[in-house]
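So the structure is just underneath, and the comments pick up after that.
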Amino acid sequence: MKAKLVVSVNDLGSPVAIHLATSQFECYPRKIFSRLPALSLALDVQRPTVGASPETLRYLQRLEKQREEMARAEQGDHRSFFAKYWTYIVPALILFLVISSVQETGSGGGNGGGGSGGR
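This is the structure:
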């Protein structure tokens, strides 16, 4: 019979937990004691592993960079409305003038009318 014993220890080396696992799911005491010379025990000691530490320095640098970008954006553009958006206003005005001139020329000849209402 094969068994695996895992002892988990803390940073100081004191045992925290013990786990016993067998290769067979059913473990009968009579079988174990009758086959004691055939018992194979594997012992593993698990020490705590240090996980990945947070990258606070990189995070703080990125946060500072974002703050600087926001400060620059707030200081940014102090031009007037027309100075900022003249490229949109001028084509809209030209389009408005063209459409209004087309409407004026199209409605100019309609005064001669139907003529059937004269008494």
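Note that the UniProt record's numbering has the sequence shown beginning at 1, numbered continuously upward.
The beta carbon of each residue, even a glycine, is placed where N, CA and C say it ideally should be.
All of these numbers come straight from a predicted model, not from anything done at the bench.
Nearest-angstrom Cα separation, counted from Glu-104 out to Leu-95
About 14 Å.
Quickly, what does DSSP pair Leu-5 with across the bridge? List them, please.
Answer is Leu-20 and Leu-43.
What whole-angstrom Cβ distance do Gln-46 and Ser-14 have, given they're in contact under 8 Å?
Actually they do not touch by this definition, with Cβ atoms about 13 Å apart.
Kindly indicate which residue of Glu-74, Lys-4 and Asn-10 has the alpha-carbon position closest to the one of Thr-49.
For Thr-49, the nearest C-alpha among the options comes from Asn-10.
Going by the beta-carbon positions, is the gap between Ala-17 and Lys-4 smaller than 8 Å?
Cβ atoms of Ala-17 and Lys-4: not closer than 8 Å.
Could you tell me the boundaries of the alpha helix (DSSP H) in which Glu-55 lies?
It is not in any alpha helix (DSSP H) - Glu-55 carries neither H nor E in the DSSP assignment.
Roughly how many angstroms lie between the CA atoms of Lys-2 and Ser-40, to the nearest whole one?
Separation of Lys-2 and Ser-40 (C-alpha to C-alpha, rounded to the nearest whole angstrom) is 5 Å.
With DSSP collapsed to three states, give me the class of Pro-91.
The DSSP-derived three-state label of Pro-91 is helix.
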